[in-house]
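Chemist:
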Amino acid sequence: MNRVVITGIGIYSCIGKNLDEVKDSLYKGRSGIVLDPLRKQFGYRSGLTGYLEKPQLKGVLDRRARIMLPEQGEYAYMSTAEALRVAGIDHDFLEHNETGIIFGNDSTAQPVIEANDTVREKKNTMFAGSGAVFQTMNSTVNMNLATIYKLKGINFTVSAACASGSHSIGLGYFLIKHGYQERVICGGAQEVNIYSMGTFDALGAFSIRENEPTKASRPFDRDRDGLIPSGGAATVIIESLESAQRRGARILAEVIGYGFSSNGSHISNPTVEGPLRSLNMSLKDANIEASEVDYINAHATSTPQGDMSEAQAINEAFGACRPPVSSTKSMTGHECWMAGASEIVYSVLMMQNNFVAPNINFGNPDEFSAKLNIADVVKEQNIDVFLSNSFGFGGTNSSLIVRKWK
Amino acid sequence: MNKEEIISKVNEFLIEEFEVSADKITPDAPLKETLELDSLDYVDLVVIIEGNFGIKVQQEDFVAIRTFDDLYNYIIAKSSQTTVA
Chain U
8 MNRVVITGIG
18 IYSCIGKNLD
28 EVKDSLYKGR
38 SGIVLDPLRK
48 QFGYRSGLTG
58 YLEKPQLKGV
68 LDRRARIMLP
78 EQGEYAYMST
88 AEALRVAGID
98 HDFLEHNETG
108 IIFGNDSTAQ
118 PVIEANDTVR
128 EKKNTMFAGS
138 GAVFQTMNST
148 VNMNLATIYK
158 LKGINFTVSA
168 ACASGSHSIG
178 LGYFLIKHGY
188 QERVICGGAQ
198 EVNIYSMGTF
208 DALGAFSIRE
218 NEPTKASRPF
228 DRDRDGLIPS
238 GGAATVIIES
248 LESAQRRGAR
258 ILAEVIGYGF
268 SSNGSHISNP
278 TVEGPLRSLN
288 MSLKDANIEA
298 SEVDYINAHA
308 TSTPQGDMSE
318 AQAINEAFGA
328 CRPPVSSTKS
338 MTGHECWMAG
348 ASEIVYSVLM
358 MQNNFVAPNI
368 NFGNPDEFSA
378 KLNIADVVKE
388 QNIDVFLSNS
398 FGFGGTNSSL
408 IVRKWK
Chain P
80 MNKEEIISKV
90 NEFLIEEFEV
100 SADKITPDAP
110 LKETLELDSL
120 DYVDLVVIIE
130 GNFGIKVQQE
140 DFVAIRTFDD
150 LYNYIIAKSS
160 QTTVA
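Below is the structure:
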């Protein structure tokens, strides 16, 4: 069995366009949530969303590469370019050393809608243009990054709702651990355009605290009223310890556990038992006791039911030791397909800089979150081991455990 | 539209769409190599010609179009057919 280490991380999110900006936001508890009036005009019940600037890729990528990239692909290019820089990996290395890519992505709404609108209007499919097909497939992030970076290893997309990014890292970890790959670029990407979240808004799952956008995402707080959709992309480069040491890479952390489960229940209503099995499986895989976990980055999205169930699951597994818990979604909103990967990046940044990011807007606990040790303000502390949860529609659960490299 | 106007318009959208510098476009220059066209790019070339001149273009027609001058002449011929029709 190979040990699996993280040698590169990169991020492009509503709380920062690179690692430095994001680290600063995490420490200061800065929210990236805004009210978008266009969403209201479009018919959204809630106009709240994470806001991020579009990257400027003209002059960075050639025309052919750019016209095939959808919005979330552009974010993923930015986060991956940063992660590769951190890992000390360049184009030449990737061309000559087999490297895989498994990215989490579960929609690409805008290109699908716009291409079909064009075809409907022109009555000619060709007017969709040559880039559309590559933007409209769910594997768009994978196919684009694999082409840009000339990757030669495994290459597929994980679509697992809001656990996509987490499972992408878990699967990459398994492939390396068992010797099938030396190095995998993992991550998650999430589009933020107006077409991407309308059907989710339809469920009434989003917060309508529109008069206070930065206070609207309040995971575990008694007065939470729903999540805020958000997005961007995060990249986590993992490789075998042997590979990292051979090329003299700086090792950031080690992935030591991956747990997964399916609730086997309702399509959107959470359970306590499903996530608990995922948590326990990750602890068993990591071969550690619950008391060895110094920090839990919760999935908690700020929905009444979801946070309540997760609080119970965490309390069940960690009630005896009560490690600090925070949901960075309090600042970022719910980054959906990206979240499982971004929250590994956020937690590694905390681990590197010895702090626990605050669960902002946590004013009053409810019956279940009162049993957790929630960090409502930034907490200076060493993190040797953290656990990150991600859960998604259909009852898919993923838990990852990461240990500091010493 | 006379030939000079057509040339000017074609060059303008090729420079914009395919991000090629103006000095590389000469009548005898090879279209494919100058614009660095791959098989996918011909779809976009057809779309911008149809969009700018309102003519029906077949991808197969590009087999015979080797230089920029060939392209100008093709568009002129197609445009006059459309006008007559």
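Chains as they are written, first to last, in our numbering: chain U, 8 to 413; chain P, 80 to 164.
Glycine included, each C-beta is placed from N, C-alpha and C at the ideal position.
Sort U:70, U:395, U:112 and U:53 by Cα distance to residue 317 (chain U) and report the nearest one.
Modeler: Position 310 of the first sequence holds residue 317 (chain U). The shortest C-alpha separation from residue 317 (chain U) is found at U:395.
Chemist: Mark residue 164 (chain P) as exposed unless 16 or more other C-beta atoms lie within 10 angstroms of its C-beta, in which case mark it buried.
Modeler: Within the second sequence, the letter at position 85 stands for residue 164 (chain P). Model confidence at residue 164 (chain P) stands at a pLDDT of 46, short of 50, so the residue's coordinates are unreliable; what they give is reported in the following sentence. The residue in question, residue 164 (chain P), is exposed, as its Cβ has fewer than 16 Cβ neighbours within 10 Å.
Chemist: Can you check which of these residues, U:329, U:130, U:241 and U:128, is closest to residue 22 (chain U) by C-alpha distance?
Modeler: Locating residue 22 (chain U) in the first sequence gives position 15, where the first residue counts as 1. Comparing Cα positions, the closest option is U:241.
Chemist: Answer with buried or exposed for residue 65 (chain U), where buried requires no fewer than 16 other C-beta atoms within 10 angstroms of its C-beta.
Modeler: The residue labelled residue 65 (chain U) in the question sits at position 58 within the first sequence. Under this definition residue 65 (chain U) is an exposed residue.
Chemist: Look at the Cβ atom of residue 367 (chain U), then the Cβ atom of residue 338 (chain U), and state whether they are nearer than 8 angstroms.
Modeler: The count along the first sequence starts at 1 and reaches residue 367 (chain U) at position 360. The count along the first sequence starts at 1 and reaches residue 338 (chain U) at position 331. Against a cut-off of 8 angstroms, the Cβ pair of residue 338 (chain U) and residue 367 (chain U) comes out as a contact.
Chemist: What does residue 89 (chain P) touch in chain U if you count any residue whose Cβ is under 7 angstroms from its own?
Modeler: As a first step, residue 89 (chain P) must be located in the second sequence, where it is residue number 10. Within 7 angstroms Cβ-Cβ: nothing; residue 89 (chain P) doesn't reach chain U, min ~17 angstroms.
Chemist: Does the beta carbon of residue 97 (chain P) sit closer than 8 angstroms to a beta carbon anywhere in chain U?
Modeler: In the second sequence, the residue the question calls residue 97 (chain P) occupies position 18. Chain U contact via Cβ: present.
Chemist: How would you call residue 193 (chain U), buried or exposed, if buried means at least 16 neighbouring beta carbons within 10 angstroms?
Modeler: Taking the first residue of the first sequence as position 1, residue 193 (chain U) is located at position 186. Residue 193 (chain U) comes out buried.
Chemist: Using DSSP with H/G/I as helix, E/B as strand and the rest coil, what is residue 12 (chain U)?
Modeler: As a position in the first sequence, residue 12 (chain U) is number 5, starting the count at 1. Looking at residue 12 (chain U) - three-state DSSP - the assignment turns out to be strand.
Chemist: Which same chain residues, not among the five before or five after residue 155 (chain U), have their C-beta less than 8 angstroms away from its C-beta?
Modeler: Looking up residue 155 (chain U) in the first sequence gives position 148. So the qualifying residues of the chain are 68, 72 and 84.
Chemist: Give the list of continuous alpha helix (DSSP H) stretches no shorter than 4 residues that lie fully inside the region 181-223 of chain U.
Modeler: List check, alpha helix (DSSP H) in window: 205-208 and 220-223.
Chemist: Suppose you measure from the CA of residue 126 (chain U) to the CA of residue 75 (chain U); what does that come to, to the nearest Å?
Modeler: The count along the first sequence starts at 1 and reaches residue 126 (chain U) at position 119. The count along the first sequence starts at 1 and reaches residue 75 (chain U) at position 68. Between residue 126 (chain U) and residue 75 (chain U), the C-alpha separation is close to 18 angstroms.
Chemist: Rounded to whole angstroms, what's the CA-CA distance from residue 135 (chain P) to residue 95 (chain P)? Just pull it up for me.
Modeler: As a working mapping, residue 135 (chain P) is identified with position 56 in the second sequence. As a working mapping, residue 95 (chain P) is identified with position 16 in the second sequence. Distance between the alpha carbons of residue 135 (chain P) and residue 95 (chain P) is about 21 angstroms.
Chemist: Are the Cβ atoms of residue 112 (chain U) and residue 147 (chain U) separated by less than 8 angstroms?
Modeler: Reading the first sequence from its first residue, position 105 is the one you call residue 112 (chain U). Reading the first sequence from its first residue, position 140 is the one you call residue 147 (chain U). In contact: residue 112 (chain U) and residue 147 (chain U) (Cβ atoms closer than 8 angstroms).
Chemist: Between U:99, U:197 and U:16, which has its C-alpha nearest residue 58 (chain U)'s C-alpha?
Modeler: Walking along the first sequence from the start, residue 58 (chain U) turns up at place 51. Nearest option by C-alpha distance: U:197.
Chemist: Relative to the C-alpha of residue 324 (chain U), which residue among U:283, U:333, U:355 and U:351 is closest?
Modeler: Position 317 of the first sequence, counting from 1, holds the residue named residue 324 (chain U). With distances taken between Cα atoms, residue 324 (chain U) lies closest to U:283.
Chemist: Who does residue 56 (chain U) pair with in a DSSP beta bridge?
Modeler: Along the first sequence, read from residue 1 onward, the residue named residue 56 (chain U) stands at position 49. In the DSSP output, where bridge partners are listed per residue, residue 56 (chain U) has U:41.
Chemist: Which residue comes first and which comes last in the beta strand (DSSP E) that contains residue 121 (chain P)?
Modeler: If you number the second sequence from 1, residue 121 (chain P) lands on position 42. No beta strand (DSSP E) holds residue 121 (chain P); the alpha helix (DSSP H) holding it covers 120-132.
Chemist: Specify whether the region 269-281 of chain U and the region 183-192 of chain U touch according to this definition: at least 3 beta carbon pairs, one from each stretch, less than 8 angstroms apart.
Modeler: At 8 angstroms Cβ cutoff, the stretches do not touch.
Chemist: Taking 8 angstroms as the cut-off, decide whether the C-beta atoms of residue 14 (chain U) and residue 251 (chain U) are in contact.
Modeler: As a first step, residue 14 (chain U) must be located in the first sequence, where it is residue number 7. As a first step, residue 251 (chain U) must be located in the first sequence, where it is residue number 244. A contact, by the Cβ cut-off of 8 angstroms.
Chemist: Got a sec: is the Cβ-Cβ distance from residue 134 (chain U) to anything in chain P below 8 angstroms?
Modeler: As a position in the first sequence, residue 134 (chain U) is number 127, starting the count at 1. Answer yes: the Cβ-Cβ gap between residue 134 (chain U) and chain P drops below 8 angstroms somewhere.
Chemist: If you follow the beta strand (DSSP E) that residue 239 (chain U) is part of, which residue opens it and which one closes it?
Modeler: Residue numbering aside, residue 239 (chain U) sits at position 232 when the first sequence is read from its first letter. That run of the beta strand (DSSP E) goes 239-247.
Chemist: Just to make sure I have the definition right: I need the residues of chain P whose C-beta is within less than 7 angstroms of the C-beta of residue 70 (chain U). Which are they?
Modeler: By 1-based counting over the first sequence, the position of residue 70 (chain U) is 63. 97 and 98, listed in chain order.
Chemist: For residue 39 (chain U), does the count of other Cβ atoms within 10 angstroms reach 16, so buried, or fall short, so exposed?
Modeler: Locating residue 39 (chain U) in the first sequence gives position 32, counting from the first residue. With 16 or more other Cβ atoms within 10 Å, it is buried.
Chemist: Helix or strand or just coil, what does DSSP make of residue 92 (chain P)?
Modeler: Your numbering for residue 92 (chain P) matches position 13 in the second sequence. Reduced to three states, the DSSP call for residue 92 (chain P) is helix.
Chemist: Quick one: using the 10 Å Cβ neighbour count with 16 as the cut-off for buried, is residue 117 (chain U) buried or exposed?
Modeler: Numbered from its first residue, the first sequence carries residue 117 (chain U) at position 110. Buried, because 16 or more other Cβ atoms sit within 10 Å of the Cβ of residue 117 (chain U).
Chemist: According to a CB-to-CB cut-off of less than 7 angstroms, which residues of the region 120-150 of chain P neighbour chain U?
Modeler: Within the region 120-150 of chain P, the qualifying residues are 120, 122, 123, 125 and 126.
Chemist: Assign residue 230 (chain U) to one of two classes, buried (16 or more other C-beta atoms within 10 Å of its C-beta) or exposed (fewer than that).
Modeler: Translated into the one-based positions of the first sequence, residue 230 (chain U) becomes position 223. Looking at its Cβ environment, which holds fewer than 16 other Cβ atoms inside 10 Å, residue 230 (chain U) is exposed.
Chemist: From residue 265 (chain U) to residue 98 (chain U), what distance separates their C-alpha atoms?
Modeler: For the purposes of this step, residue 265 (chain U) is taken as the residue at position 258 of the first sequence. For the purposes of this step, residue 98 (chain U) is taken as the residue at position 91 of the first sequence. Approximately 30 angstroms between the Cα atoms of the pair.
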